[in-house]
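2 protein chains.
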Amino acid sequence: MRLRVSPDSAVPIYEQILSQVVFAVAAGDLPAGEAVPSVRELSQQLIVNANTVARAYQELERLGVVEARRGVGMFVTDGGPKVCRDRRKVLVRDRVRETVREAAAAGLSAEELRQLVDDEWPRRNGTAKTPH
Amino acid sequence: MRLRVSPDSAVPIYEQILSQVVFAVAAGDLPAGEAVPSVRELSQQLIVNANTVARAYQELERLGVVEARRGVGMFVTDGGPKVCRDRRKVLVRDRVRETVREAAAAGLSAEELRQLVDDEWPRRNGTAKTPH
DNA sequence: GGTAGTGTACTGGTTCACTGGTACACCACC
DNA sequence: GGTGGTGTACCAGTGAACCAGTACACTACC
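In order, the protein sequences belong to chains V and H. Numbers given in the numbering used here equal positions in the first sequence, counted from 1, plus 1. Numbers given in the numbering used here equal positions in the second sequence, counted from 1, plus 1.
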């Protein structure tokens with residue numbers, strides 16, 4: 002598992018770590034039962050404070066993706082992969098909901114919104130926001 | 002023109018004012034040439050600082066929606082209504098773009114995304130996020 | 001039991017966005 | 001020219017988010 006963070010990004014470092022781990026677990030790159038890198042190991046690799054990594058991990062634990070065993074490490078739970086896949090879907094649904102509301106407020110029709118989505122779909126691997 | 006702000010909201014007050022004025026201009030409620038409420042008048046009405054209103058107005062001026070005449074007031078420009086209508090469309094398009102990207106990253110197909118949009122469309126006047 | 005690994009609690013500093021208070025510069029009108 | 005309206009510049013306070021330093025508690029292993 003290879004992580005990257007950009008300290009200059011607008012999104013907080015701990016959130017970058019969080020989403021990347023979620024992505025890795027969802028993709029099966031980090032299967033259930035597997036140990037995630039220790040906070041110190043990852044903090045040295047990314048050159049950030051151990052607490053920053055720990056904060057991301059705590060969020061992962063709150064989501065039920067990993068479980069901590071003090072003195073041992075943190076491990077992906079049995080339900081972790083499913084949680085991560087579901088989480089991404091929830092994020093998408095929430096975003097869709099906001100988009101639909103915004104479009105309706107702007108006076109767009111359902112058909113116009115559909116058209117807009119179809120127009121943007123081919124550009125889904127956009128150039129922006131890539132972790133350079 | 003009747004504005005409302007909720008100080009407890011996560012979105013800044015000046016931004017609430019901004020978007021509401023944009024909406025009013027786009028809807029024709031505030032036609033070109035019309036004077037917008039003075040910063041002091043609006044600040045008293047909303048019980049916020051005049052600078053907070055001024056900040057929203059400066060943003061409106063930067064967008065080309067209004068123009069300031071020192072000592073007189075601020076007035077909707079000739080192109081104001083069109084700018085506001087366009088701006089809402091741009092906001093929607095940007096949001097659609099992000100949503101599409103998120104959906105693709107989550108592994109959704111184009112068809113699944115379309116389905117999601119159609120599911121959410123009937124809820125476009127949703128209950129959440131209303132200015133209580 | 002010592003050691004080296006793990007996660008975690010507490011605390012402090014830094015930065016930034018937002019808001020408000022005050023004072024200033026301008027214009028119309030009497 | 002005085003008065004009362006306008007927008008605006010400057011500065012200070014506040015609060016939250018983020019991150020790092022340090023010290024602690026725990027576990028496995030020799």
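We put the CB at the ideal spot given by N, CA and C, even for glycine. Since this is a predicted model, take the numbers as computed values, not measurements.
Check: Proximity test, Cβ basis, 8 Å: Val93 (chain H) and chain V; Outcome: yes
Check: Residue range of the alpha helix (DSSP H) that includes Ala105 (chain V); Outcome: Gly81 to Ala106
Check: Neighbourhood of Thr131 (chain V) by C-beta distance below 6 Å, restricted to the same chain and skipping five residues each side; Outcome: Its pLDDT being 37, under 50, Thr131 (chain V) is placed unreliably by the model, and nothing is read from it.
Check: Assigned secondary structure, Arg70 (chain H) (DSSP; H/G/I helix, E/B strand, else coil); Outcome: strand
Check: The segment 7-25 of chain H touching the segment 42-59 of chain H, judged by at least three CB pairs closer than 8 Å; Outcome: yes
Check: Cα-Cα separation, Ala36 (chain V) to Ala25 (chain H); Outcome: 55 Å
Check: Proximity test, Cβ basis, 8 Å: Glu121 (chain V) and chain H; Outcome: yes
Check: Within 8 Å, strictly: CB atoms of Val77 (chain V) and Ala33 (chain V); Outcome: yes
Check: Touching by the beta-carbon criterion (3+ pairs, under 8 Å), the segment 97-110 of chain H and the segment 37-44 of chain H; Outcome: no
Check: Contact between the segment 110-122 of chain V and the segment 57-77 of chain V (3+ Cβ pairs under 8 Å); Outcome: no
Check: N- and C-terminal bounds of the alpha helix (DSSP H) containing Ser10 (chain H); Outcome: Here Ser10 (chain H) belongs to no alpha helix (DSSP H), and DSSP marks it neither H nor E.
Check: Within chain V, the residues that Lys83 (chain H) reaches when beta carbons sit closer than 9 Å; Outcome: Going along chain V, no residue has its Cβ under 9 Å from Lys83 (chain H), so there is no contact; the nearest lies around 14 Å.
Check: Among V:Arg94, V:Arg5 and V:Val66, nearest to Val49 (chain V) - alpha-carbon criterion; Outcome: V:Arg5
Check: Arg89 (chain V), buried or exposed, once every other Cβ within 10 Å from all chains shown has been counted against 16; Outcome: buried
Check: Residue closest to Leu47 (chain V), alpha-carbon to alpha-carbon, out of V:Met2, V:Gly74 and V:Glu62; Outcome: V:Met2
Check: Distance CB(Arg96 (chain V))-CB(Glu121 (chain H)) smaller than 8 Å; Outcome: no
Check: Closer than 9 Å at the beta carbon, the chain V residues around Leu109 (chain H); Outcome: Arg89, Lys90 and Val93
Check: Any chain V beta carbon closer than 8 Å to Leu64 (chain H); Outcome: no
Check: Residues that Thr100 (chain V) contacts on chain H, provided the C-beta gap is smaller than 9 Å; Outcome: Val93, Arg96, Val97, Glu99, Thr100, Val118 and Glu121
Check: Burial state of Arg124 (chain H) (16 or more Cβ within 10 Å); Outcome: exposed
Check: Per DSSP, cross-strand counterpart(s) of Phe76 (chain H); Outcome: H:Ala36 and H:Glu68
Check: Closer than 8 Å to chain H by CB, Arg3 (chain V); Outcome: no
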